[in-house]
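Participant:
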Amino acid sequence: MAQTINTRVTRTDARRKVTGTATYAADVMPAGMLHGSLVCSAIAVGTVSSIDTSAAEAEPGVVAVYTHETLPDYKTVKGFYAGGPGSASFWPMEGTEIRYAGQPVAYVVAETAAAARRGADLVDVTYEEGESRIHMTPEDSFVVGAGEDSDGMVLTKGDIQAGLDAAAQSVDMTFTTPFQHHNPMEMFSATAEWRGDRLTVWMPSQSVRTLRAGIAGAYGLPETSVRVISPFVGGAFGSKAGITPYTMLTIAAAKGVGAPVRLIVTRPQMFTVATFRPESEQKFRLAADANGKLTAFEHIEIAQTSQFDNVVNPGTHYTRAMYACPNIHTEQRLSRSDTNTGGFMRAPNEMQTFWGLESAMDELAWKLQMDPVELRRVNDTKTHPTAEVPFSSRSLMESYDAVANGFGWADRGRDIGSMTDGDWLVGYGCATATYPTNILASNARVRMQATGGAYVELAAHDVGTGTYTIMAQIAAARLGLPVKAVDVVMGEADMPVAPISGGSTTAASAGSAVHDACVKIGQQVAARVSGMSDGPLSGIDASRITLDDGVLRGPEGQSQSLQEALSMLPEGEIEMIGEFRHPALTDELIAATFNGGYGTAGPVTPEFAMFAFGAEMAEVRIHKYTHEIRVPRLHGAFAAGTWLNRKTAHSQLMGGMVWGIGSALHEVTEVDQPRGRFLNANIAEYLVPVNADVREVRVQMLEERDDYVNPLGVKGIGELGIVGTAAAIGNAVYHATGQRLTSLPIRMSDLLRS
Amino acid sequence: MKNFAYSRPARLDDATDAARQENTQIIAGGTTMVDLMKIGVLAPDALVDISGLSALEGYEVGTNRMRFGALAKMSTVADDQAVIDGFPALSQSLWKAASPQLRHAATLGGNILQRTRCPYFRDTAYKQCNKRNPGSGCAALDGGVTNLHAIFGGSEACVAMYPGDLAQTLVAFDAEVTLEGPGGTRTIPFDRLHVLPAESPEIETVLEPGEIVTEIAMPVVPAMINSMYLKARDRESYAFASASAAVGVEMDGDTVRDVRIGLGGVASVPWRATAAEDSLKGGPLTEETAREAGRIAFKDAEPLEGSAYKIPLGADVVAGALLTVKSRMGDQ
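Below you can see the structure in the form of structure tokens.
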């Protein structure tokens with residue numbers, strides 16, 4: 000049998016996707032379906048004085064126009080940051096209150112999508128406008144909880160001042176990051192169909208179990224009465240995780256009109272009806288002795304949050320894990336402004352914080368007149384600096400050495416501005432990438448048939464990353480089948496529990512459950528055939544029979560293929576439920592996942608700290624006349640335990656790095672402060688890299704073994720690639736120009752202003 | 000988008016007749032019109048689709064004159080070898096605009112009439128926009144984001160920037176446009192097509208109701224051969240100019256005989272840097288004179304807080320374009 004793990008396997012759904020036969024949630028059209036359209040608030044803060052729906056109702060094709068006064072049986076759920084499944088704690092259309100620009104204020108249902116949009120344009124809303132402020136004010140920041148609480152929102156180890164006093168060099172710098180929006184290619188949508196008290200919801204989701212639990216809870220229905228279906232997802236990046244108003248409004252509207260309703264959220268509305276990456280400020284004080292050994296490490300993160308939720312994405316928990324230092328102080332702070340509640344966007348704790356940390360490390364290296372790679376080496380550690388447990392595996396410097404070698408790091412000019420090519424100034428920069436290995440409980444059902452096929456079923460999600468393929472690979476490897484003989488079905492809440500597709504957990508956690516089901520199939524079949532009167536494994540102690548690559552083996556070399564053994568069973572097939580319950584998962588965490596919540600353990604357990612690591616190097620060019628900043632080369636080397644699929648993993652890492660180019664040079668949600676609105680809510684003006692911006696991107700995948708994280712030795716990689724990229728690029732800009740730009744994105748106007 | 004009447008006349012006079020009706024818009028490639036209708040900025044009662052007027056698709060690159068039918072596609076002209084060889088700035092200003100899909104659909108006539116990308120114009124949730132809603136004010140000037148706004152030609156009523164690329168080349172090379180309307184045919188200099196916002200930013204051109212751009216033409220001059228369009232932007236492709244320059248140079252030995260400089264990404268209308276041209280004529284083209292020309296080009300700029308970077312950027316782009324053209328002449 001060919002090797003199926005740690006090899007390049009083309010996505011099993013590739014053909015379906017490129018030929019348009021993969022059915023996404025919004026492709027489904029239940030009989031009699033009507034179309035929804037949102038009317039969103041033109042003001043940021045205030046109240047709705049009146050809504051005139053008469054023109055919209057008179058529009059041909061319009062079936063209903065719902066407002067806060069007329070929408071029947073509209074239910075809401077608790078927000079995520081208050082412990083619920085919702086994306087935010089404040090729910091629009093429960094009353095007249097407006098708390099952020101672009102909040103839904105009315106919902107139009109019509110016979111066609113065009114009529115629904117026309118109807119929405121004709122709804123006339125009058126507001127009483129209040130004062131608003133959309134940018135946070137860092138000087139008014141606060142810590143969630145009080146002081147040195149148990150979640151480590153404030154943490155002090157040693158004495159920062161003593162560390163600063165003892166230092167040969169220090170840096171004291173503040174970095175900022177802007178609001179950013181996920182902009183997945185697939186629009187947000189929800190389609191709801193009621194049949195009596197039974198409800199079906201089709202929508203692209205990163206967590207079908209969360210959706211089902213939340214919706215069922217809100218309507219007081221048993222979970223068995225609610226189906227949630229999300230077979231394919233066209234990109235999510237954190238934006239399709241929680242339950243948002245557009246879903247609950249669509250469910251209520253479908254009930255109101257007595258017909259299925261589908262809503263597709265428009266691109267500009269996608270900037271306001273769901274979450275985003277909050278803007279942030281990253282304050283660093285780093286100090287080192289003459290050899291580069293850190294003597295003080297202080298990081299204070301101030302992140303924007305809404306008026307009604309505390310969006311704590313604790314980036315300081317990960318920066319303080321990076322480098323050895325006796326004196327560490329970190330604070331996780333928030334500052335409120337008038338927006339919807341932000342949330343997770345690819346590397347939600349890490350992108351912003353490592354832009355700051357790795358830029359500050361670079362500045363420190365220049366001050367020390369030290370190779371920035373060597374500064375990382377001097378401060379590398381095998382022990383988590385504050386949790387004081389060993390890393391389960393940590394290949395940071397192996398990553399640096401691998402990437403430096405391929406990139407030609409040693410050939411760089413040693414001085415600022417020392418490299419040119421024609422009209423271009425050239426600079427090199429490097430930065431650390433890391434991502435925590437988060438762990439969630441998962442189940443999976445695997446059924447194998449004697450005829451040589453297998454079915455894998457679990458409520459996991461393929462958010463475009465290749466999950467269908469890796470689940471098939473994991474089963475194929477153990478069961479000894481070709482990948483194409485394994486049929487994987489996912490994306491329905493009724494399937495065996497699998498975690499949210501977030502925090503880079505699916506491959507590691509859900510994959511481990513698939514693996515466990517296959518192990519159990521081996522054990523069960525072994526027990527059955529060893530008890531038979533004849534056959535190669537007859538009479539052998541079943542507990543000593545192992546399954547590997549589709550072959551059952553006894554302790555003395557007896558063997559039988561799994562398929563043959565199965566054919567001896569009268570059923571001709573076997574089905575087992577696999578379970579992944581890492582020792583770090585407490586009963587409480589397991590219960591949370593099974594109840595549709597987020598029962599995450601790690602990355603720090605009482606025994607180990609679990610992280611994936613990598614290093615990135617960028618070549619930046621800045622044009623003498625146009626001042627354009629371009630990235631002709633971006634290299635990364637990463638170690639993340641076992642690689643399941645070298646092709647999709649490579650794509651994941653490369654995709655993260657490409658997004659990193661965007662976060663460094665392009666991406667920003669502009670803010671109109673006087674009127675409290677996001678300004679460039681479309682993908683013509685919200686710039687992301689195009690092909691021409693992405694030149695040579697090289698990904699090296701290093702071998703690493705980690706027996707602690709899970710039985711497969713897999714760490715999550717969905718978010719690893721974006722972490723550090725912006726700093727590598729910013730550090731290269733500094734090398735080229737001597738300009739230390741501290742705000743993302745770095746644009747030509749910033750080079751000309753400073 | 001509200002419902003609208005649609006007609007596709009086969010004859011030019013039928014088109015002008017239809018287009019003169021109240022609240023009627025002309026559509027050709029539709030890349031701007033459909034976009035603005037979808038976002039509710041324009042809501043015409045009727046569209047007159049002129050894409051059936053095939054006589055307007057032709058173009059001719061002659062030895063004395065170049066003429067382009069208004070319905071010639073951007074991509075067709077950009078890729079024409081005679082244009083690439085004889086007038087590189089024209090080809091470059093076309094293919095550096097938009098995306099391949101848009102260039103295949105968009106026409107030259109429509110492109111020169113492209114509307115501003117000012118976000119306050121394009122988002123109808125903003126009450127203040129004198130261009131969209133005359134007399135309502137200007138959100139950009141009322142504390143808004145101004146990094147994409149004009150530093151030339153703006154007024155207290157409007158600082159929206161003209162976003163196109165082709166127009167900078169046309170204005171620099173003395174193009175003319177032919178307009179066909181209910182009152183007959185007229186040909187005007189290209190630099191008189193667009194009007195400054197002044198008190199009435201809702202009026203962007205001198206086009207009368209029913210008038211259709213039918214042709215863009217220009218005399219062939221030696222400076223076309225040594226020309227280029229240099230466009231500075233944060234993203235390598237599919238982005239509007241932060242600053243751009245269409246330049247062409249004719250040398251007589253070491254002396255500049257003729258020079259053309261059009262500026263993009265900086266003005267309310269297509270902008271020609273006449274004073275900078277004058278500073279170079281009759282003298283040498285060196286790093287020093289090119290940089291001085293860039294400074295002169297932006298001497299009278301009136302930046303807002305967000306757009307001040309366009310002055311050093313624009314000056315460097317002008318200098319860079321001039322010096323790049325000069326160095327390529329040396330290679331020949």
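Protein sequence lines, in the order shown, are assigned to chains X and C. Counting from 0, one number per residue, gives the positions in the first sequence under numbering that gives the first Met the number 0. Counting from 0, one number per residue, gives the positions in the second sequence under numbering that gives the first Met the number 0. Even glycine gets a Cβ: it sits at the ideal position worked out from N, Cα and C.
#1: Could you list which residues in chain X have their beta carbon closer than 7 angstroms to that of L312 (chain C), in chain order?
#2: Quick one: using the 10 Å Cβ neighbour count with 16 as the cut-off for buried, is I187 (chain C) buried or exposed?
#3: Would you say A590 (chain X) touches the ligand COA, meaning its beta carbon is less than 7 angstroms from a heavy atom?
#4: Between A432 (chain X) and the rest of its own chain, which residues show a CB-CB distance below 6 angstroms, the 5 nearest in sequence each way excluded?
#5: By the 10 Å Cβ neighbour count, where 16 or more other Cβ atoms means buried, how is P208 (chain C) classified, buried or exposed?
#6: At the level of alpha carbons, what is the spacing between V689 (chain X) and A238 (chain C)?
#7: Report the residues of the segment 206-238 of chain C with a CB closer than 9 angstroms to any CB of chain X, ordered along the chain.
#8: Since I believe A725 (chain X) is in contact with S662 (chain X) (beta carbons under 8 angstroms), could you give me their beta-carbon distance rounded to a whole number of angstroms?
#9: Enumerated in chain order, which unbroken segments of the alpha helix (DSSP H) with a length of 4 residues or greater are wholly contained in the segment 27-91 of chain C?
#10: Buried or exposed for S40 (chain X), please, with buried defined as at least 16 other CB atoms from any protein chain shown within 10 angstroms of its CB.
#11: For N132 (chain C), which residues in chain X fall below 9 angstroms Cβ to Cβ?
#12: The beta strand (DSSP E) with N404 (chain X) in it runs from where to where?
#13: Suppose contacts are defined by Cβ-Cβ distances below 8 angstroms. Is M227 (chain C) in contact with G85 (chain C) by that definition?
#14: Chain C partners of A691 (chain X), CB-CB under 7 angstroms?
#15: To the nearest angstrom, report how far apart T175 (chain X) and I211 (chain C) are at their CA atoms.
#16: Determine the chain A residues that contact P87 (chain C) at a beta-carbon separation under 8 angstroms, and present them in chain order.
#17: Is the beta carbon of D361 (chain X) sitting closer than 8 angstroms to the one on P347 (chain X)?
#18: Going by the beta-carbon positions, is the gap between G463 (chain X) and G234 (chain X) smaller than 8 angstroms?
#19: If we cut at 8 angstroms on Cβ distances, does N146 (chain C) have a partner in chain X?
#20: On the DSSP bridge assignment, give the partners of W201 (chain X) in chain order.
#21: What are the boundary residues of the beta strand (DSSP E) that F593 (chain X) is part of?
#22: Give the interface partners of K1 (chain C) over in chain X, defined as CB-CB distance under 8 angstroms, in chain order.
#23: Which runs of the alpha helix (DSSP H) fall wholly inside the segment 510-562 of chain X and span at least 4 residues, in chain order?
#24: Exposed or buried, S98 (chain C), counting other C-beta atoms within 10 Å across all chains shown (16 or more means buried)?
#25: Mind checking whether R259 (chain C) and F120 (chain C) have CB atoms under 8 angstroms apart?
#26: At which residues does the alpha helix (DSSP H) containing K254 (chain X) begin and terminate?
#27: Would R98 (chain X) count as contacting chain C if we go by Cβ distances under 8 angstroms?
#28: Quick check: what's the CA-CA separation for R185 (chain C) versus A691 (chain X)?
#29: Among X:F579, X:G737, X:G530 and X:L480, which has the Cα closest to the Cα of P710 (chain X)?
#30: Once you ignore the five residues that flank N2 (chain C) on each side, which residues in its own chain have a CB closer than 6 angstroms to its CB?
#31: Among residues of its own chain, excluding the 5 on either side of I25 (chain C), which ones have a beta-carbon nearer than 7 angstroms to its beta-carbon?
#32: Does the beta-carbon of F141 (chain X) have 16 or more other beta-carbons within 10 angstroms, so that it is buried, or is it exposed?
#33: Could you pull the start and end residues of the alpha helix (DSSP H) that Q351 (chain X) belongs to?
#34: Is it buried or exposed for P744 (chain X), if we count other Cβ within 10 angstroms and need 16 for buried?
#35: Sorted by chain position, which residues of the same chain lie with C-beta nearer than 8 angstroms to M328 (chain C)'s C-beta, five sequence neighbours on each side aside?
#36: Mapping DSSP to helix, strand and coil, what is L262 (chain X)?
Facilitator: By the coordinates alone:
#1: H626, M747 and L751
#2: exposed
#3: With respect to small molecules bound, the structure shown includes none, and the ligand COA cannot be examined in it.
#4: G613, E615, L719, V722 and G723
#5: exposed
#6: 10 angstroms
#7: L229, K230, A231, R232, D233, R234, E235, S236, Y237 and A238
#8: 5 angstroms
#9: 32-37, 73-77 and 80-85
#10: buried
#11: Ordered by position in chain X, no residue passes the 9 angstroms Cβ test against N132 (chain C), which lies about 13 angstroms from the chain.
#12: No beta strand (DSSP E) holds N404 (chain X); the alpha helix (DSSP H) holding it covers L395 to F406.
#13: no
#14: E235 and S236
#15: 50 angstroms
#16: No chain A appears in the structure shown, which is made up of the protein chains X and C.
#17: no
#18: yes
#19: yes
#20: X:T190 and X:I228
#21: It is not in any beta strand (DSSP E) - F593 (chain X) instead sits in the alpha helix (DSSP H) that spans D586 to F593.
#22: R117 and D120
#23: 510-529
#24: exposed
#25: no
#26: P244 to V256
#27: no
#28: 42 angstroms
#29: X:F579
#30: none
#31: A18, V47, I49 and I211
#32: exposed
#33: M350 to L367
#34: buried
#35: N225, V248 and M250
#36: strand
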